[in-house]
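Below: one structure, written as structure tokens.
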Amino acid sequence: MKSKLFRLMIALAAFAVSITLYALKPVGDVIPDADNAGLKLPDGFGALKVAETGAKARHLVVTPQGDIYVKLARPNKEGKSILVLHEAPNGKAELKSSFGNYGGTEVALKNGYLYASSNTEVFKYKVNDKNEVINPDQPEKIVTGLKAGRQHETKSFALDNDGNIYVNIGAWFNACQEKDRGLHSPGIPGCPILDSMGGVWQFRTDKLNQSYGEGVRYATGLRNMVGMDWNQQDNQLFVMQHGRDNLNSSWPELYTTKQSAELPAECLYALKKGDNAGWPFMYYDQIQHKKIQAPEYGGDGKKEADAKYIDPAMAYPGHMAPNGLLFYTGNQFPAKYKNGAFIAFHGSWNRAPEPQAGYFVVFQPFKNGKPDGNWEVFADGFSGSPEKTAAGRADHRPCGLAQGADGSLYVTDDSKGTIYRIIYTKK
Amino acid sequence: MARMKKYILIIGCIFSCVPLIAQVKTKVKSRPVAGLSAVSGKGIYEKYCLTCHQADGGGVPNMNPPLTKISYVLGDKTRLIKVVLNGFSESVDIDGESYSNVMPSHDFLKDQEIAAVLTYVRKNFTNKAGPITTAQVKAVRTTNKKKYN
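Protein sequences, first through last, are from chains A and B. Its first residue numbered 11, the first sequence is counted upward by one per residue in the numbering used here. Its first residue numbered 256, the second sequence is counted upward by one per residue in the numbering used here.
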């Protein structure tokens with residue numbers, strides 16, 4: 011009798027605990043949109059539109075309390091450049107507040123601070139125990155005076171676990187030509203701008219007003235990066251380079267329009283201090299699987315580049331514009347996704363007159379901190395139709411990626427400003 | 256069944272190849288004639304402009320400006336001719352939007368070619384602006400001072 015009662019009590023307690031656990035798990039209440047937000051996803055996944063910001067939503071970060079910080083490319087009509095959305099239990103979010111008056115791309119949250127960049131500076135904002143910015147009008151400026159051209163001007167960054175910040179300083183050229191993007195225009199000898207751009211600079215997160223003098227040129231020969239992330243498994247920086255354009259239009263005798271549409275590769279690089287990825291002197295040809303000397307610096311499409319330049323960790327088809335890189339460390343998705351990389355390809359333009367490509371989120375499997383196996387398209391359909399993809403007239407363009415506390419994957423669109431959330435719905 | 260499919264395929268191939276062969280023939284024949292005829296604005300556009308401004312002239316958001324419904328194309332002819340001659344790398348908003356890519360100088364094009372391509376752009380992609388003449392390009396080129404790139 012006693013043991014029966016005891017068993018009943020145990021069962022009741024277990025029931026109560028499981029109910030509580032269920033209530034704590036937000037994904038339980040989050041319902042995918044009937045059309046999965048227009049996305050084509052692998053079996054078992056669903057998606058919803060979290061919000062329509064109507065702004066050029068670049069990168070984002072999601073707090074465990076359900077706030078979403080969205081960095082805008084340009085200040086909106088109200089003059090604000092960081093939106094704070096708050097999610098309801100069903101996953102739909104409303105604008106809670108906004109702050110910042112500078113355009114840019116990057117935003118990140120780590121160890122009690124929100125970090126955000128303009129195109130020349132990096133700021134940090136102290137957050138409270140609910141990850142809310144305490145003083146939105148008075149950020150601390152940690153990096154200042156970075157060079158910015160009209161192209162490749164955004165300052166994406168990644169944070170490591172030792173108090174360092176790694177900032178992209180994109181080159182203000184396509185290929186360091188005497189006449190940028192010009193027909194038959196040769197490369198500037200030695201490409202001297204590499205002293206202050208075309209690479210990743212390392213700064214401290216705990217020091218203020220750092221510039222070139224206080225920073226370290228961590229890696230060079232990188233044209234421009236928008237997607238950057240720190241890999242926790244092997245404690246290393248990974249970046250997605252935007253490969254050069256205009257092989258055919260600058261060098262029509264060496265490259266057909268078809269070759270120029272595919273080349274060069276969009277490269278994933280694993281970077282160590284002192285690495286040189288070779289821009290503008292070379293590019294990576296993913297069809298020949300070789301580092302090729304750039305035509306601006308004596309190349310002919312076949313001559314191999316100096317072996318001192320590092321190889322990419324993985325190479326993807328040309329011009330697809332990788333704007334977001336995220337290592338997935340969550341537990342919501344099936345095991346194969348854990349520690350792999352999601353890459354948001356913003357979509358091409360320099361493939362014309364060939365059909366455009368991209369406008370999707372790719373999954374790259376990883377094993378022990380290294381790419382392992384073929385990449386696959388994970389989320390497609392942002393453009394609206396295959397015809398819109400081919401014409402480069404996409405409805406939505408995936409840009410930033412973030413992981414929610416429950417392991418959901420968030421994607422921004424910087425064309426119409428839609429915020430997507432992708433969840434695994436199969437039990 | 257499989258054999259039948261094969262036949263259908265072969266027959267299909269024959270039918271689709273006949274017009275292809277005919278096309279190739281006429282192309283080869285017409286080439287010297289095309290070379291002698293007037294400069295094709297469309298041809299120049301496809302060779303030098305399309306990569307950035309796209310097949311529909313719609314440009315690329317945030318990067319390369321569209322050529323449709325835009326003041327730089329439809330307005331002042333001298334300014335437009337100068338963009339082709341000198342390229343464009345000004346940090347300005349164009350009709351409320353900013354575009355980051357640099358346009359290189361196309362001063363290697365002949366006056367006649369620039370006139371043809373600008374006339375083509377001003378009369379296509381839903382544009383309905385007047386033509387630009389070779390004389391107008393020539394006049395701008397002689398007084399042109401290089402400003403960009």
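The beta carbon of each residue, even a glycine, is placed where N, CA and C say it ideally should be.
Considering only residues of the same chain and omitting the five flanking positions on each side of residue i, which have a CB-CB separation below 6 Å?
i, result
"Thr-398 (chain B)", "none"
"Gly-391 (chain A)", "Gly-48, Leu-49 and Lys-50"
"Ile-320 (chain A)", "Asp-285 and Ala-287"
"Pro-386 (chain B)", "Thr-374"
"Pro-146 (chain A)", "Phe-109"
Under a Cβ-count criterion, where at least 16 other Cβ atoms within 10 Å of its own Cβ denotes burial, should residue i be classed as buried or exposed?
i, result
"Leu-218 (chain A)", "exposed"
"Asp-424 (chain A)", "buried"
"Glu-163 (chain A)", "buried"
"Ser-2 (chain A)", "Residue 2 (chain A) lies beyond the range of chain A shown here (11 to 437); nothing can be said about it."
"Gly-438 (chain A)", "As shown, chain A starts at 11 and ends at 437. That puts residue 438 (chain A) outside it, with no answer to give."
"Gln-148 (chain A)", "exposed"
"Leu-275 (chain B)", "Reliability fails at Leu-275 (chain B), whose pLDDT of 44 lies under 50, so the model's placement of it is uncertain and the value that follows must be treated cautiously. Burial call: exposed."
"Ser-195 (chain A)", "buried"
"Asn-356 (chain B)", "buried"
"Gln-298 (chain A)", "exposed"
"Ser-346 (chain B)", "exposed"
"Arg-431 (chain A)", "buried"
"Thr-422 (chain A)", "buried"
"Glu-397 (chain A)", "exposed"
Could you check what DSSP says for residue i in three-state terms: helix, strand or coil?
i, result
"Pro-262 (chain A)", "coil"
"Ala-47 (chain A)", "helix"
"Asn-100 (chain A)", "coil"
"Lys-87 (chain A)", "coil"
"His-308 (chain B)", "helix"
"Thr-389 (chain B)", "helix"
"Ala-354 (chain A)", "strand"
"Ala-371 (chain B)", "helix"
"Val-395 (chain B)", "helix"
"Thr-422 (chain A)", "strand"
"Leu-95 (chain A)", "strand"
"Ala-126 (chain A)", "strand"
"Lys-134 (chain A)", "strand"
Compute the minimum distance between the beta carbon of residue i and the heavy atoms of the ligand FAD, and state whether it is under 7 Å.
i, result
"Gly-402 (chain A)", "In terms of ligand content, the structure shown is empty, and the ligand FAD therefore cannot be addressed."
For residue i, which residues of its own chain have a beta-carbon under 7 Å away from its beta-carbon, when the five flanking residues on both sides are left out?
i, result
"Asn-121 (chain A)", "none"
"Asn-138 (chain A)", "Ile-144"
"Met-207 (chain A)", "Lys-157, Ile-179, Gly-180, Ala-181 and Trp-182"
"Trp-240 (chain A)", "Ala-168, Leu-169, Asp-170 and Leu-247"
"Gln-75 (chain A)", "Lys-140 and Asn-141"
"Ala-315 (chain A)", "Gly-288, Phe-291, Met-292, Lys-301, Ile-302 and Gln-303"
"Tyr-347 (chain A)", "Tyr-338 and Phe-373"
"Met-318 (chain B)", "Tyr-354, Ser-355 and Asn-356"
Spatial neighbours of residue i within its chain, please: C-beta separation below 8 Å, excluding the five flanking residues on both sides.
i, result
"Gln-220 (chain A)", "Ile-152, Val-153, Thr-154, Phe-213 and Arg-214"
"Pro-344 (chain A)", "Gly-54 and Tyr-434"
What in chain C is Cβ-close to residue i, meaning under 8 Å?
i, result
"Trp-359 (chain A)", "You won't find chain C in this structure, because its protein chains are A and B."
Comparing alpha-carbon positions, which option in the options lies nearest residue i?
i, options, result
"Lys-393 (chain B)", "B:Ser-295, B:Asn-379 and B:Glu-368", "B:Glu-368"
"Ala-412 (chain A)", "A:Ile-175, A:Phe-337 and A:Gln-187", "A:Phe-337"
"Val-315 (chain B)", "A:Gly-114, A:Glu-314, A:His-329 and A:Glu-150", "A:His-329"
"Ala-351 (chain A)", "A:Gly-76, A:Glu-263, A:His-96 and A:Met-250", "A:Met-250"
"Ala-317 (chain A)", "A:Met-292, A:Ala-331 and A:Gln-296", "A:Met-292"
"Lys-426 (chain A)", "A:Gly-417, A:Cys-409 and A:Lys-436", "A:Cys-409"
"Leu-305 (chain B)", "B:Leu-335, B:Tyr-375, B:Ile-387 and B:Gln-391", "B:Tyr-375"
"Val-80 (chain A)", "A:Ala-98, A:Ala-57, A:Glu-104 and A:Pro-99", "A:Glu-104"
"Ser-108 (chain A)", "A:Val-71, A:Val-94 and A:Ala-229", "A:Val-94"
"Ser-166 (chain A)", "A:Asn-184, A:Arg-233 and A:Glu-224", "A:Arg-233"
Contact the stretch 359–371 of chain B vs the stretch 330–342 of chain B: 3+ CB pairs below 8 Å: yes
Stretch-stretch touch, CB-based, cutoff 8 Å, three pairs: the stretch 358–376 of chain A with the stretch 396–404 of chain A: yes
Meets three-Cβ-pair contact criterion under 8 Å: the stretch 275–288 of chain A and the stretch 309–326 of chain A: yes
Sufficient close CB pairs (3 or more, under 8 Å) joining the stretch 110–130 of chain A to the stretch 321–328 of chain B: no
The stretch 300–312 of chain A contacting the stretch 352–364 of chain A, beta-carbon criterion three pairs below 8 Å: no
The stretch 64–72 of chain A touching the stretch 82–95 of chain A, judged by at least three CB pairs closer than 8 Å: yes
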